[in-house]
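Be aware that the sequence shown starts at 53, since it is given in this note's numbering, and climbs by one per residue.
Quick reminder that beta carbons are idealized off the backbone N, C-alpha and C, glycines included.
Quantities reported herein were computed from a predicted structural model and do not represent experimental measurements.
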Amino acid sequence: MGKTVFGELEGRPVESYEIEAGPLRARVITYGAILSELHVPDRTGRTEDVVLGYDDLASYLKYRGSAGAICGRYANRIAKAQFTLDGETHALSVNEPPNHIHGGFKGFNKRVWTAEADEAGNAVRLTLDRPDGDEGYPGAVKASVVYRLTDEPALEIVFEATTDKATVINLVYHGYWNLAGHGSGSIRDQLLLLDADHYTPVGSGKIPTGEIAPVADTAFDFRTMRPIGAMIDDRSQLPEAGYDHNFCLNGESGTLRRAARAVDLRSGRGLEVWTDQPGVQFYTANHFETLPAIGKGGVPYGKHAGFALETQVYPNSPNEPHFPSAVLRPGETYRHIMRVPFFNT
Numbered sequence: 053m054g055k056t057v058f059g060e061l062e063g064r065p066v067e068s069y070e071i072e073a074g075p076l077r078a079r080v081i082t083y084g085a086i087l088s089e090l091h092v093p094d095r096t097g098r099t100e101d102v103v104l105g106y107d108d109l110a111s112y113l114k115y116r117g118s119a120g121a122i123c124g125r126y127a128n129r130i131a132k133a134q135f136t137l138d139g140e141t142h143a144l145s146v147n148e149p150p151n152h153i154h155g156g157f158k159g160f161n162k163r164v165w166t167a168e169a170d171e172a173g174n175a176v177r178l179t180l181d182r183p184d185g186d187e188g189y190p191g192a193v194k195a196s197v198v199y200r201l202t203d204e205p206a207l208e209i210v211f212e213a214t215t216d217k218a219t220v221i222n223l224v225y226h227g228y229w230n231l232a233g234h235g236s237g238s239i240r241d242q243l244l245l246l247d248a249d250h251y252t253p254v255g256s257g258k259i260p261t262g263e264i265a266p267v268a269d270t271a272f273d274f275r276t277m278r279p280i281g282a283m284i285d286d287r288s289q290l291p292e293a294g295y296d297h298n299f300c301l302n303g304e305s306g307t308l309r310r311a312a313r314a315v316d317l318r319s320g321r322g323l324e325v326w327t328d329q330p331g332v333q334f335y336t337a338n339h340f341e342t343l344p345a346i347g348k349g350g351v352p353y354g355k356h357a358g359f360a361l362e363t364q365v366y367p368n369s370p371n372e373p374h375f376p377s378a379v380l381r382p383g384e385t386y387r388h389i390m391r392v393p394f395f396n397t
């Protein structure tokens with residue numbers, strides 16, 4: 053397992069760790085607990101890096117989009133940057149006016165984590181402690197994430213957190229996949245299946261309306277595998293010509309079950325996403341249209357350069373009593389499992 057220095061931020065080194073298992077090879081950096089590389093073979097055995105990312109720390113600081121990062125304390129959006137818990141209203145950072153997104157101006161995705169290698173387990177464990185009042189959230193929180201590669205081959209991500217005061221927690225892996233290789237261009241022709249009969253429609257600011265709506269006969273129906281781009285240009289349903297929506301996963305929350313399956317027909321590479329969370333955010337990297345980036349190896353990232361599948365509690369759950377709860381109390385441990393097995397067709 054290799055360990056190097058990736059850069060420096062505020063006088064603190066940002067470290068890089070390489071892990072390998074079977075045919076998989078990954079790189080994790082301590083800034084944002086980012087999975088910056090993941091090399092996966094295709095049907096002929098040719099390996100490509102299938103996650104979007106950058107070659108240097110300056111680029112991770114420059115470009116928005118949280119590529120490969122762990123977002124928290126509450127990933128995704130909270131309406132009007134506030135929520136009420138146990139009768140007390142908490143005002144959060146307004147970093148996407150008038151709302152709050154991905155934990156604030158310096159959420160977990162913009163912090164330097166502490167890492168510990170687990171060579172025997174082909175894993176890296178990263179930890180982050182944040183104080184009571186951080187970005188407006190109550191409670192001092194201790195968070196951890198473990199990235200592990202297995203011979204299957206698969207990527208496993210396990211999140212945990214504890215608090216000393218009642219708070220809300222929603223940690224997600226915000227990676228962008230491109231199964232043809234991170235620099236191969238648009239993912240519109242890659243196939244996707246989502247194990248979700250319902251989704252949460254959004255209104256202004258992409259805040260869920262509170263409705264839990266059926267996907268049937270809409271652009272959100274991925275219950276059978278189809279190209280990501282099949283209906284992506286239907287602006288009556290997708291004003292941005294792209295997805296950025298939460299899907300309500302079938303099955304029982306708290307049990308590990310499949311959330312998604314994706315395939316690139318050209319290379320044969322495929323993945324599944326398994327999780328114990330109630331939802332998954334499907335996002336097609338729409339921001340690269342107006343804010344293009346230069347990725348690893350000098351490759352330009354444009355609109356639809358990758359897709360994210362962020363297993364999660366629903367956006368704005370703290371303000372929607374009928375949504376799954378994101379509340380974490382002292383003495384409890386938040387635990388979130390995301391498992392990504394790879395295959396070839």
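> Rounded to the nearest angstrom, how far is the Cβ of Asp328 from that of His388, given a contact under 8 angstroms?
Replying inline: 7 angstroms
> Mind checking Val57: buried by the 16 CB within 10 Å criterion, or exposed?
Replying inline: exposed
>> Is Gly188 close to the ligand HEM? I mean its beta-carbon at under 8 angstroms from any heavy atom of the ligand.
In response: The ligand HEM is not among the ligands present in this structure, which contains no ligands whatsoever.
> So Glu89 and Ala73 are in contact, right, with Cβ under 8 angstroms, and what is the actual spacing, rounded?
Replying inline: Rounded, the Cβ-Cβ distance is 14 angstroms, inconsistent with contact.
>> For Ala357 and Ala337, which I take to be in contact (beta-carbon distance under 8 angstroms), what is that distance rounded to the nearest angstrom?
In response: 5 angstroms
> Which of the three DSSP states, helix, strand or coil, is assigned to Pro253?
Replying inline: coil
> Alpha carbon to alpha carbon, how far is Asn368 from Ala143?
Replying inline: 14 angstroms
> Roughly how many angstroms lie between the CA atoms of Arg381 and Ala195, to the nearest whole one?
Replying inline: 14 angstroms
> Apart from the five residues on each side of it in sequence, which residues of its chain come closer than 7 angstroms, Cβ to Cβ, to Asp241?
Replying inline: Pro279, Gly281
> What are the start and end residues of the alpha helix (DSSP H) that includes Leu113?
Replying inline: 109-114
>> Let me check one thing: in DSSP terms, what residues is Trp326 bridge-paired to?
In response: Arg310, Arg391
> What's the C-alpha gap between His297 and Leu290?
Replying inline: 10 angstroms
>> Relative to the C-alpha of Leu308, which candidate in Asp247, Thr385, Ala378, Gly63 has its C-alpha closest?
In response: Asp247
> DSSP on Gly59, reduced to helix/strand/coil?
Replying inline: strand
> Straight-line CA distance for Asp107 to Leu317?
Replying inline: 28 angstroms
>> Can you list, in chain order, the residues of its chain with a C-beta nearer than 6 angstroms to that of Asn222? Leave out the 5 residues immediately preceding and following it.
In response: Tyr126, Ala127, Gln364, Val365, Ala378
> Is it right to say Gly156 is buried, meaning 16 or more other beta carbons lie within 10 angstroms of its own, or is it exposed?
Replying inline: buried
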